[in-house]
Every structure is written in C-alpha cells, then in structure tokens.
Amino acid sequence: MLSDKVLDNLPHEIRRRLEPYVEAVQLMTQTSNAKVLRSMAPSGVRGLILQRGKQGVPTTMPSHHRVYFDWTYPNDQPEMRELYTRAKEQQWNGDDLPWDIDVDPENPEKPIIPRQFMDFEALRTRGIRLTDLEERRLNASVASWMLSQFLHGEQGALFAAAQVTEAVQFFDGKLYGATQVVDEGRHVEVFHRYLDSKMNKLYQINDNLFVIIDALIQDSRWDVKFLGMQIMVEGLALGAFGTLYQMTKEPMLKQLLKMVIQDEARHVHYGVLALRDHFRDELSSGEQREREDWAFEVALLMRNRFLSFEVYEEWFEHKLTRKEWARFVTDSPGFAIFRQVMFKRLVPNLREIGLLSDRIKPHYDRAGLMQYFDGESATQLSGDKLIADLDAA
Ligand SMILES: [Fe+2]
Ligand SMILES: [Fe+2]
1 MLSDKVLDNL
11 PHEIRRRLEP
21 YVEAVQLMTQ
31 TSNAKVLRSM
41 APSGVRGLIL
51 QRGKQGVPTT
61 MPSHHRVYFD
71 WTYPNDQPEM
81 RELYTRAKEQ
91 QWNGDDLPWD
101 IDVDPENPEK
111 PIIPRQFMDF
121 EALRTRGIRL
131 TDLEERRLNA
141 SVASWMLSQF
151 LHGEQGALFA
161 AAQVTEAVQF
171 FDGKLYGATQ
181 VVDEGRHVEV
191 FHRYLDSKMN
201 KLYQINDNLF
211 VIIDALIQDS
221 RWDVKFLGMQ
231 IMVEGLALGA
241 FGTLYQMTKE
251 PMLKQLLKMV
261 IQDEARHVHY
271 GVLALRDHFR
281 DELSSGEQRE
291 REDWAFEVAL
301 LMRNRFLSFE
311 VYEEWFEHKL
321 TRKEWARFVT
331 DSPGFAIFRQ
341 VMFKRLVPNL
351 REIGLLSDRI
361 KPHYDRAGLM
371 QYFDGESATQ
381 LSGDKLIADL
391 DAA
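Written out as structure tokens, the structure reads:
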C-alpha cells in the first residue's frame, strides 16, 4: 500500500487523484474485527471508491430484513407507548416556521455560523489569503455543507425508521415508529426547504456518511440498523443540531433546529430503550462484541472523516492537499466544538445500551472519547430539557 511518505513526494495532480483511494484503503484496513470488516467493506467500496452517492439519481440499495407481524396487538412496552403518546401530542407543521424571514447567508450581522468558526489565520500561514467577503462566503459554504449533510442524514433516517418499524418485535415500538417516520419526513421537508429557499446551495452527500447509511440500510439485522441510525447517526446529529442551535444568529434556522431537536430527543430515547434489553438479553457475547466494534468503527468514521471534503474540492483543491485540509478542519475552533458536543451526546447512550465494556473502553480512551462516559443518556433527557440546557449554556 502507498505510504503517506510516498504520497507526499508525488506530483500534486497525481497525489490529488490518489489520496481518496489511499484514505479508503487505510480506513478499511484499520478494523480489527473480521466480521465488522466483512459487513462494512462492501459499503466502503461503494461509498469511498465508487462514490455511489455522487453518481446521479437514483441510488438504489437492496434491503433484506424480516418483517415482524403480531395479530394480537399487545401493549408490550409501556415506555415506548408513552413516547408514542408524546410524539402524537408534539407533532408540528413545517409550514408554520417563520419562512418569511429574509436570510442572507453572507450577512455579517446574522451569521449562520460565527466568524471565528474557521481559523483563517491558519490558512494565511499556508499562503492562502482570503478577502473579507471570501471569508464570509467560505463560512456560508461550510454552513450549507453541514445543513446538506443534515438533510442527507434525514433521508437515511426516514428510510431506516420505516425499516425498523417493520422489523422490531415490540408492538408499541411499531406504533411509536410510525410517528418517527412522519417526523423524519418533516425533517427532510424543512431542511430541504431551508437549503433551497434560504441558502440556495445543496452539497452532495459526504462519502463517509454514505458508507454508514449504505451499511445499515442493507444490513438484515434490525438491531444493527437501529444501532447505526437511532444511536450513532441520530445521536451525533442531535449533538450537531444542538451546537448549531447555540451558535447561529440566524433566527429562522434557530427556530427550525429547536423544533427538530425536540423530535430527535424522542428518537434517540427510543433507540436506547429498544437496544438496551435486546443487547443484554438476546445476544451472545460474540454478537455483542461485534456490535461494540461496529459502533466504535462508525464513531471513528464520524470523528475523523467528517471533514467537509466537498467544500475543499470546491475551494482549495489546487491550493492544499487533502491532508492539509483535514488538519485545517480538524483544528478549526468550530468543528472542534461540534466534535465535542456530538460525542458528549453519543457516548453516554453507548454506555446505556451496554456497548462500552471494559474490553472496548481502552479504544475509546485512546480516541479521547472516554471523558464523556459519565454524561446523561437519552433516557434522562427530554427535548424540553435539552433546549433549556442549550439556552442556559
Ligand atoms: Fe430527523
Ligand atoms: Fe431522527
């Protein structure tokens, strides 16, 4: 395999073309659990090498899961029934958001993300000098990129919610799941409408996000779909929505995020409820280990690789290497806060469903993620409490 050193000595143009492939191979060979590698590798090839998410529409994926019927309609999960009731009461209409607010993504008075989100000084030390307007435009691009990934994640959540509604064995979970399908449909609606009518820009799906969605939509095991969508993607999204909610000075987006966050808090809560008992009672220790390793791989994928390469390709492809861009983004103050809050939300949920055993803890520790171990899990946090905490911070 090509080492970073060999890569560094290649002419810029060749290196630019090779780097994504080398990253893909590095990513897929770092997994130590053979079963995780087998289940993730095909998605890795489709997402990172073939870039299926960027090859035009439609992207089709086969799905093979067992649909679970129950003709006795039991009230089998009181906590899920309670979430179902709350979800019905808290439905809202995306049309009622304040769409008449005029949004200018480059307006320095009401920035979507703060000016200091990116470290422009670090760019200057690499010889890239942006004008004041270019800096505001770059920030607007990064904001559009993030919102576009939220939107693509919501499309994944819509279909995953539909799949798990079919597949779970809890009847109260199925009724609850029906409300989540509606919620996710509404999230697709409002994020798309915001991007289309306010930002005027939609980025393609990030390859790493595609890998995760592809892997969980095609996996036949309902609990892996659940783990991927309800815990990993939704858990991280909840942290990301919360961070943007706190940061943004754009009032329309703030209101939109406030409504979405309250829905997402229920979704992650449901994920924890459904998986906690299942992992503890139904899985062999080998199956549990595989879930643990799978979750850790996805966590790394999200932490290390969610680096807005699509913005890089648009702005800096001929000025920086991908590695330089990755370092720049990783070190930027805004993304650092995002990472911190995302994992603060995720790690306690992994603990709650039993996927942070003593065996895997050292891995999280090495990745700097154990500091979040003692935080509140989704079962301890309602949407209202989440918003109140965000407003108080
Ligand atoms: Fe959602
Ligand atoms: Fe959700």
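Mind the numbering: the sequence shown is residues 1 to 393 in the numbering used here, read in order.
Even glycine gets a Cβ: it sits at the ideal position worked out from N, Cα and C.
Helix, strand or coil: how does DSSP classify residue i here?
| i | result |
| --- | --- |
| GLN116 | helix |
| THR85 | helix |
| MET61 | coil |
| PRO78 | helix |
| LYS249 | coil |
| ASN9 | coil |
| PRO108 | coil |
| THR131 | coil |
| TRP145 | helix |
| ILE14 | helix |
| LYS198 | helix |
| PHE69 | coil |
| MET98 | The displayed chain sequence assigns Pro, not Met, to residue 98. PRO98 falls in the coil class under three-state DSSP. |
| ASN206 | coil |
| ASP223 | helix |
Measuring alpha carbon to alpha carbon, tell me which of the options ends up nearest residue i.
| i | options | result |
| --- | --- | --- |
| GLU234 | PRO62, GLN180, LEU48 | GLN180 |
| GLY53 | ASN75, GLN204, SER220 | GLN204 |
| LEU300 | LEU369, ILE49, GLY127 | LEU369 |
| VAL45 | VAL67, LYS35, VAL22, MET118 | VAL22 |
| GLY286 | ALA34, PRO20, TRP325 | ALA34 |
| TRP400 | GLU282, LEU273, PHE335, VAL260 | Because the chain is modelled from 1 through 393, residue 400 falls outside the range shown and cannot be assessed. |
| VAL188 | LEU275, GLY94, PHE120, LYS258 | GLY94 |
| PRO333 | GLN116, ASN75, THR321, GLN55 | GLN116 |
| GLU19 | PRO348, GLY156, GLU317, PRO362 | GLU317 |
| ASN304 | LEU97, ARG221, ASN206, ALA274 | ASN206 |
| ARG186 | PRO114, SER141, VAL260, ARG280 | VAL260 |
Take the Cβ of residue i as the centre, count every other Cβ of all protein chains shown within 10 Å, and call the residue buried at 16 or more, exposed below.
| i | result |
| --- | --- |
| TRP394 | In this structure the chain extends from 1 to 393, so residue 394 is not present and cannot be described. |
| LEU138 | buried |
| ASN9 | exposed |
| ILE101 | exposed |
| MET232 | buried |
| ARG291 | buried |
| PRO62 | exposed |
| PRO251 | exposed |
| THR165 | buried |
| LEU238 | buried |
| GLN380 | exposed |
| HIS12 | exposed |
| LYS385 | exposed |
| GLU282 | exposed |
| GLU184 | buried |
So, using beta-carbon positions, are residue i and residue j closer together than 8 Å?
| i | j | result |
| --- | --- | --- |
| GLN163 | HIS65 | yes |
| GLN77 | GLN262 | no |
| ARG136 | PRO108 | yes |
| ILE353 | PHE296 | no |
| LEU244 | GLN149 | no |
| SER377 | ALA265 | no |
| VAL103 | LYS198 | yes |
| PHE241 | LEU253 | no |
| TYR270 | TYR176 | yes |
| ARG147 | LEU195 | Residue 147 is actually Leu in this sequence, not Arg. In this structure, LEU195 lies closer than 8 Å to LEU147 by Cβ. |
| ALA160 | LYS225 | yes |
| ARG15 | THR321 | yes |
| SER357 | ALA215 | no |
| PHE171 | PRO74 | yes |
| TYR68 | ALA167 | yes |
| ASN200 | VAL268 | no |
| GLN246 | ALA388 | no |
| LYS110 | LYS249 | yes |
| GLY156 | MET229 | yes |
| request: Name all residues in chain order for which at least one heavy atom of ligand 3 lies closer than 5 Å to the residue's CB. | output: The ligand content of the structure shown is limited to ligand 1 and ligand 2, which means ligand 3 is not among them.
| Which runs of the alpha helix (DSSP H) fall wholly inside the region 295-375 and span at least 4 residues, in chain order? | As far as the region 295-375 is concerned, its whole alpha helix (DSSP H) runs of at least 4 residues are 309-315, 322-331, 333-352, 361-366.
| query | Can you list the alpha helix (DSSP H) stretches of 4 or more residues lying completely in the region 151-202, in chain order? | reply | 171-194
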